Amino acid sequence: RPSALFRGGERPSGSTSASASRCVAGSGGLALMAKPAPRTPGDLALVRRLVGENAKDFGGRYAIVVAAMILFAATTGGTAWLMRDVVDGIFFTRDENLVVLIPILMGALFVMRGVANYVSLVIQAQIGNAIVARLQRRVFDHVLRLDLDFFAKTHSADLVARMLQQTNAARDALDKLGN
47 RPSALFRGGE RPSGSTSASA SRCVAGSGGL ALMAKPAPRT PGDLALVRRL
97 VGENAKDFGG RYAIVVAAMI LFAATTGGTA WLMRDVVDGI FFTRDENLVV
147 LIPILMGALF VMRGVANYVS LVIQAQIGNA IVARLQRRVF DHVLRLDLDF
197 FAKTHSADLV ARMLQQTNAA RDALDKLGN
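Under this note's numbering, the letters of the sequence shown match residues 47 to 225, in that order.
Next up, the structure:
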C-alpha cells in the first residue's frame, strides 16, 4: 500500500514509486530517503560467475582497485590518528611546529584519499563497462544464431528489452559489489 507511507495518503510531488523510497520521521516531519537495493543470493552468484569468467583478463586491474581501496581505508584511519596529534600537540603542549606540519600532512592525506577513491571508482567503471560490452556481444552473437521461428514468435521490442535488461542486471550486480 504505497499511500500508507505518507501522511494523509498523499504522495509528495515528484514521487513516482513508493518502493524506490521510504519515509523517515524526523523533527521536521517526514523526509524521503533512497532505499538501498537489497543484495540477493542470485546477485552474489552472478558476481562470482562474472569475476570468474573475467578474472584472467582484468586481474591486474582488480589488484589496482583493491590497492586503491586499501589506501583509501588507510587514509581514513590516518586522519583520525592525525587528529589525535592536533588535540594533544597543538592544544595541550602548544607545539608551534605542529601548527604548520599538521595542516600539510592533513592536506596530503586528503589528496591521497581523493586520488585513491578516484582511481578505484574509475577502474571499477572501466572493468564493469568492458564486462557489460563483452556480455552484450555474446548475447548479440547468440541472437544472430537463433532460428527464424524464434523471431517469428518474439516481438522485436521484447527481444531488445530482454537483451538490455539482462546485461544491465550484470552491471547492477557489479555495482553492488563496489558499493
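Quick reminder that beta carbons are idealized off the backbone N, C-alpha and C, glycines included.
Note that the coordinates shown come from a computational prediction; the quantities given were computed from them, not determined experimentally.
Taking three-plus beta-carbon pairs below 8 Å as touching, is the stretch 125 to 132 in contact with the stretch 177 to 197?
no
Here's the rule: buried if 16 or more other CB atoms are within 10 angstroms of the residue's CB, otherwise exposed. What is A101?
If you number the sequence shown from 1, residue 101 lands on position 55. It counts as exposed.
Please classify A119: is it buried, with 16 or more other beta-carbons within 10 angstroms of its beta-carbon, or exposed?
For this step, residue 119 is matched to residue 73 along the sequence shown. Per the 10 Å Cβ criterion, exposed.
D204 by DSSP, collapsed to three states: which one?
Position 158 of the sequence shown, counting from 1, holds the residue named residue 204. If DSSP states are grouped into helix, strand and coil, D204 belongs with the helices.
For E99, which option in V165, F196, A216 has the closest C-alpha, if you only look at C-alpha atoms?
Working through the sequence shown from its first residue, we reach residue 99 at position 53. Of V165, F196, A216, the residue nearest in Cα terms is A216.
Helix, strand or coil for L192 per DSSP?
Here residue 192 corresponds to residue number 146 of the sequence shown, with the count starting at 1. Correct three-state label for L192: coil.
CA-CA distance, L194 and L210?
Along the sequence shown, read from residue 1 onward, the residue named residue 194 stands at position 148. Along the sequence shown, read from residue 1 onward, the residue named residue 210 stands at position 164. Cα to Cα, the separation comes out at about 21 Å.
Let me know if T213 comes out buried or exposed under the rule of 16 or more other beta-carbons within 10 Å of its beta-carbon.
Counting from one through the sequence shown, the residue named residue 213 turns up at place 167. T213 should be labelled buried.
Under 8 Å by Cβ, that's how I've got T121 and L155 pegged, so tell me the actual separation to the nearest angstrom.
Taking the first residue of the sequence shown as 1, we reach residue 121 at position 75. Taking the first residue of the sequence shown as 1, we reach residue 155 at position 109. That pair is a contact at about 5 Å.
Beta-carbon spacing of I110, I169 below 8 Å
Residue 110 sits at position 64 when you count from the first residue of the sequence shown. Residue 169 sits at position 123 when you count from the first residue of the sequence shown. Yes, Cβ-Cβ distance for I110 and I169 is below 8 Å.
If we call anything under 8 Å between Cβ atoms a contact, is I150 one with R107?
Your numbering for residue 150 matches position 104 in the sequence shown. Your numbering for residue 107 matches position 61 in the sequence shown. Not closer than 8 Å, so no.
Span separating the alpha-carbon of A113 from that of A219:
Here residue 113 corresponds to residue number 67 of the sequence shown, with the count starting at 1. Here residue 219 corresponds to residue number 173 of the sequence shown, with the count starting at 1. Near 21 Å, if we compare the C-alpha coordinates of A219 and A113.
Between the alpha carbons of V93 and F104, how many angstroms are there, rounded?
If you number the sequence shown from 1, residue 93 lands on position 47. If you number the sequence shown from 1, residue 104 lands on position 58. Taking the straight line from one Cα to the other gives about 14 Å.
Status (buried if at least 16 other CB within 10 Å, exposed otherwise) for A162
In the sequence shown, residue 162 corresponds to position 116, counting from 1. Per the 10 Å Cβ criterion, buried.
If you draw a straight line from the C-alpha of I148 to the C-alpha of F137, how long is it?
Walking along the sequence shown from the start, residue 148 turns up at place 102. Walking along the sequence shown from the start, residue 137 turns up at place 91. So the two alpha carbons sit approximately 13 Å from each other.
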